[in-house]
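Counting in the working numbering, the final residue of the sequence shown is number 194, and the numbers go up one at a time with none missing. Here a beta-carbon is modelled for each residue, glycine too, at the ideal position from N, C-alpha and C. Input: a single structure, listed below in structure tokens.
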Amino acid sequence: PVTLQDVKAGETGEIWLKGPAVTPGYWQKPEETAKTFENGWFRTGDLGNVDEEGYYYLTDRIKHIIISGGENISPKEVESVINQIEEVVESSVVGIPDEKWGEKVVAAVVLKSGAEMEQEDIQNFCKRHLHNWKCPKDMVFPKELPKNTMGKVLKEEVTKLFGQTSSKR
Numbered sequence: 026p027v028t029l030q031d032v033k034a035g036e037t038g039e040i041w042l043k044g045p046a047v048t049p050g051y052w053q054k055p056e057e058t059a060k061t062f063e064n065g066w067f068r069t070g071d072l073g074n075v076d077e078e079g080y081y082y083l084t085d086r087i088k089h090i091i092i093s094g095g096e097n098i099s100p101k102e103v104e105s106v107i108n109q110i111e112e113v114v115e116s117s118v119v120g121i122p123d124e125k126w127g128e129k130v131v132a133a134v135v136l137k138s139g140a141e142m143e144q145e146d147i148q149n150f151c152k153r154h155l156h157n158w159k160c161p162k163d164m165v166f167p168k169e170l171p172k173n174t175m176g177k178v179l180k181e182e183v184t185k186l187f188g189q190t191s192s193k194r
């Protein structure tokens, strides 16, 4: 939940920046500036935490967080579990609209050439490492994930693999 309070070391929160090198807003975009800046602070949209020594760690993007049944689910956390499976090259986890839960967790999983895995195998692996509500309810197995020219996975395109458009703002 958004509390606008500092978090303790090790806890996850949104990273905000303030200082002389931070822009005061977006050029000729007052609506975007109002959404992103608060009392001189730039709301990055990044989630992260700080350790006891003051080092910051970015963990995810707020817009990628899946909210299912009132629970916040980090796609990166689920992807890191799926990517531990020997037969998996990479994965991308997104939320798609769901009547009962608001959003449901789904995954696009790229398998190694010649590897054979069923959705149930991956779900069972996830259930051994994650809470049940974080585990993907549905999967697709594309040959590769949609990426931009920089190699970044295009989450919006992954969502389309499930015949959906994103429910994100």
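query                                                                                                                        : result
Where residue 138 falls, given that 16 or more other Cβ within 10 Å makes a residue buried                                   : exposed
Identified DSSP bridge partners for residue 163                                                                              : 131
CB contact flag (residue 169, residue 135, <8 Å)                                                                             : yes
Span separating the alpha-carbon of residue 141 from that of residue 65                                                      : 52 Å
Close-in-space but distant-in-sequence residues of the same chain around residue 163 (CB under 6 Å, 5 per side omitted)      : 131
Nearest-angstrom Cα separation, counted from residue 71 out to residue 194                                                   : Only weak support exists for where residue 194 lies, its pLDDT of 41 falling under 50; the value from the coordinates is given anyway. If you take the alpha carbons of residue 194 and residue 71, they lie about 15 Å apart.
Residues of its chain near residue 123, where Cβ-Cβ distance is below 6 Å and the 5 sequence neighbours each way are ignored : 129
Where the alpha helix (DSSP H) containing residue 105 begins and where it ends                                               : 100 to 107
For residue 121, the residue or residues it bridges with in DSSP                                                             : 129
Inter-stretch contact at 8 Å, needing at least 3 Cβ pairs: the stretch 104 to 115 / the stretch 76 to 90                     : no
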